[in-house]
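Participant: One structure, as structure tokens, below. Some questions next.
There are 2 protein chains.
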Amino acid sequence: MAKQPTTFAALKEEERKARQGVIVDAAERVFGRKPFEQVSMREVAQEAGIAVSSIYRYFPDQQSLFVEAFVLGTREIISRIDERIASGRLSSLADFALMYLDFLIEHDHYFRMMTHFMLDGQLSGPLLEKLNQAARTILEQFDRLIAGDTSSEQTRQYAHTLFAALNGILISFRNYPGREPVEVRRHMEKLARLTASMCESHRRSPRG
Amino acid sequence: MAKQPTTFAALKEEERKARQGVIVDAAERVFGRKPFEQVSMREVAQEAGIAVSSIYRYFPDQQSLFVEAFVLGTREIISRIDERIASGRLSSLADFALMYLDFLIEHDHYFRMMTHFMLDGQLSGPLLEKLNQAARTILEQFDRLIAGDTSSEQTRQYAHTLFAALNGILISFRNYPGREPVEVRRHMEKLARLTASMCESHRRSPRG
DNA sequence: TGTACATCAGTGAACGCGCGTTCACTGATGTAC
DNA sequence: TGTACATCAGTGAACGCGCGTTCACTGATGTAC
């Protein structure tokens, strides 16, 4: 009598989460087709094959849904980085920078959301907290990679600088006028490698 | 008979430009109060003390008005940089980075527009051309400052990197959670100095 | 100097649209006795 | 096993809003003769 109900409840809760997931997935698919600021609840509903009003059974409003989708993306980056670190395939800082860059180039909608939220600054408390947590986790990854296990105020600064620089490359040159996407990507990668190299050598001899 | 009319016409044209200017100025004032994506034509009209429909006598649509305001801002940055260079008060790359940073922190609406347009990618031809021209001019300033008169493919890469890194700092840390604006600014400035230093030393000994 | 006409800045009201969100309802499933 | 009731996912239609933009009009100024 005490066990059954909780199990049932757990199952229900699980199903609920699964349905939430369906909606978020649908949203992500739509994001793949157009800039996310232009995506309406109606489109997400259609993609998910449900009525608009149904979405509101699972998310209080549009912003919450979008933030959820974003947080999921963050988790994906992080787990990718983790995998690579674990498998020892990230030998240099440049490798890391390139993989971060590539991920964001390929998940353009994620990058758009990221910059959108960075610019926004008027999110409600809990959502903001979620986003900050996501940002913090990524920054920690940067730090760990630069510092090894001996993170310090100084290594954190390099982490911040690299993080910022890569984001900056992505935003500053994405619409490089008159270039093909392939060229743009190559240019970004070149700048990313240069930045990584700058970070690395400067850290070894800061006043060099 | 040939001279008078053209003079009159010129005067008229001048007045027209002046009135355009009044509208753009009004827009900029409103941008100072709220994120520019939220600024409506009605608000600009009210700030300028005219009817909404009057704006359309001077600008074909909202986007043109906003781009115009943006381009004006660009001119302001550029002339500031020029002044400083002329007066010899830009001794180091760090000085330059800091002044670029400070300008964008203080003209937040300009920075927002910049990133907005960078992300956008669906502007109509002539407007896009205007924006690209603006971007190119700024990048040239960066290049000139790094290269002196001997700009090369290599110096241009450093210019791009610095430009991107500074933009990245501005966007990545503007909403640094739980910090006062003063602290945020200090942090950004620290990162900017570090970046400038990295660029400088790396350029002197690229494989150091 | 006076008159008819053209030009054009400026206007208030309206149009049309798309959006996020809510509402009242249906119907299927599970629960209690 | 059967019946009355509660729960809740799912829905289509509607609400209300704010927006960019257009329209038909007014009135002042300049021009031609």
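Each protein sequence line maps, in turn, to chains L and V. Everything in the first sequence is counted per this note's numbering, starting at 1407 for the first residue and increasing by one. Everything in the second sequence is counted per this note's numbering, starting at 1407 for the first residue and increasing by one. A virtual CB, placed ideally from N, CA and C, is assigned to each residue, including glycine. Just so you know, these numbers come straight off a predicted model, no measurement behind them.
Does the beta-carbon distance from residue 1518 of chain V to residue 1534 of chain L come in below 9 angstroms?
Facilitator: Their beta carbons are not under 9 angstroms apart, which means residue 1518 of chain V does not touch residue 1534 of chain L by this criterion.
Participant: Can you give me the C-alpha to C-alpha distance between residue 1589 of chain V and residue 1511 of chain V, rounded to a whole angstrom?
Facilitator: Their Cα atoms are separated by approximately 13 angstroms.
Participant: Using only alpha-carbon positions, find the residue among L/1497, L/1461 and L/1540 that is nearest to residue 1422 of chain L.
Facilitator: Closest option to residue 1422 of chain L, Cα to Cα, is L/1461.
Participant: Below 8 angstroms on the Cβ atoms is my contact criterion, and I expect residue 1543 of chain L with residue 1552 of chain L to pass it. Report the Cβ-Cβ distance as a whole number of Å.
Facilitator: Contact flag wrong, Cβ pair sits at about 15 angstroms.
Participant: Report yes or no: do the stretch 1501-1515 of chain V and the stretch 1465-1472 of chain V share at least 3 C-beta pairs separated by less than 8 angstroms?
Facilitator: The stretch 1501-1515 of chain V is not in contact with the stretch 1465-1472 of chain V.
Participant: So what does DSSP say about residue 1535 of chain L, is it helix, strand or coil?
Facilitator: Note: residue 1535 of chain L maps to helix in three-state DSSP.
Participant: Answer with buried or exposed for residue 1455 of chain V, where buried requires no fewer than 16 other C-beta atoms within 10 angstroms of its C-beta.
Facilitator: Residue 1455 of chain V should be labelled exposed.
Participant: Here's the rule: buried if 16 or more other CB atoms are within 10 angstroms of the residue's CB, otherwise exposed. What is residue 1603 of chain L?
Facilitator: Buried, by the Cβ-count rule.
Participant: Give me the subset of the stretch 1551-1564 of chain V whose CB atoms are less than 8 angstroms from a CB atom of chain L, sorted by chain position.
Facilitator: For the stretch 1551-1564 of chain V, which is checked against every Cβ of chain L, the residues closer than 8 angstroms are 1563 and 1564.
Participant: Residues in the stretch 1506-1532 of chain V with C-beta within 7 angstroms of chain L's C-beta atoms, listed in sequence order?
Facilitator: Correct list: 1518, 1521, 1524, 1525 and 1527.
Participant: Please identify the residue among V/1419, V/1505, V/1566 and V/1529 whose C-alpha is closest to the C-alpha of residue 1599 of chain V.
Facilitator: Residue V/1505 is the option with its Cα nearest to residue 1599 of chain V.
Participant: Look at the alpha carbon of residue 1578 of chain L and the alpha carbon of residue 1464 of chain V, and state the distance between them as a whole number of angstroms.
Facilitator: C-alpha separation (whole angstroms): 31 angstroms.
Participant: Please specify which runs of the alpha helix (DSSP H), each continuous and at least 4 residues long, are wholly inside the stretch 1524-1568 of chain V, giving them in chain order.
Facilitator: Listed in chain order, they are 1531-1553.
Participant: Got a sec: is the Cβ-Cβ distance from residue 1541 of chain L to anything in chain V below 9 angstroms?
Facilitator: Judged by the 9 angstroms Cβ criterion, residue 1541 of chain L is in contact with chain V.
Participant: Indicate the three-state DSSP secondary structure (helix, strand or coil) for residue 1410 of chain V in the structure shown.
Facilitator: Residue confidence for residue 1410 of chain V is low, a pLDDT of 42 falling below 50, so the modelled location carries little weight and cannot support an answer.
Participant: Could you work out which residue in V/1439, V/1573 and V/1529 is closest to residue 1515 of chain V when comparing CA atoms only?
Facilitator: It is V/1439 whose Cα lies nearest to the Cα of residue 1515 of chain V.
Participant: Mind listing the chain L neighbours of residue 1471 of chain V? Cutoff is C-beta to C-beta under 8 angstroms, in chain order.
Facilitator: Within 8 angstroms Cβ-Cβ: nothing; residue 1471 of chain V doesn't reach chain L, min ~20 angstroms.
Participant: What residue from L/1558, L/1491 and L/1549 has the CA that sits closest to residue 1566 of chain L's CA?
Facilitator: The option with the nearest alpha carbon to residue 1566 of chain L is L/1549.
Participant: Check whether the Cβ atoms of residue 1573 of chain V and residue 1583 of chain L sit closer than 9 angstroms, and answer yes or no.
Facilitator: Against a cut-off of 9 angstroms, the Cβ pair of residue 1583 of chain L and residue 1573 of chain V comes out as no contact.
Participant: For the alpha helix (DSSP H) holding residue 1464 of chain L, just list the boundary residues, first then last.
Facilitator: That run of the alpha helix (DSSP H) goes 1458-1464.
Participant: Using the beta-carbon of each residue, which ones in chain L are nearer than 8 angstroms to residue 1579 of chain V?
Facilitator: Within chain L, the residues near residue 1579 of chain V are 1566 and 1570.
Participant: To the nearest whole angstrom, what separates the beta carbons of residue 1436 of chain L and residue 1449 of chain L, a pair I think is in contact under 8 angstroms?
Facilitator: Right, the Cβ-Cβ distance comes to about 5 angstroms (below 8 angstroms), so this counts as a contact.
Participant: Determine the direct distance from the alpha carbon of residue 1473 of chain V to that of residue 1424 of chain V, and round the result to whole angstroms.
Facilitator: Spanning the two alpha carbons is a distance of roughly 17 angstroms.
Participant: Within 9 angstroms of any Cβ in chain L, is that where the Cβ of residue 1427 of chain V sits?
Facilitator: Not closer than 9 angstroms to any Cβ of chain L, the Cβ of residue 1427 of chain V fails to qualify, so no.
Participant: Which whole-angstrom value is the C-beta distance of residue 1480 of chain V and residue 1521 of chain L, which I expect to be below 8 angstroms?
Facilitator: At roughly 20 angstroms, the Cβ-Cβ gap does not stay under 8 angstroms, so residue 1480 of chain V and residue 1521 of chain L are not in contact.
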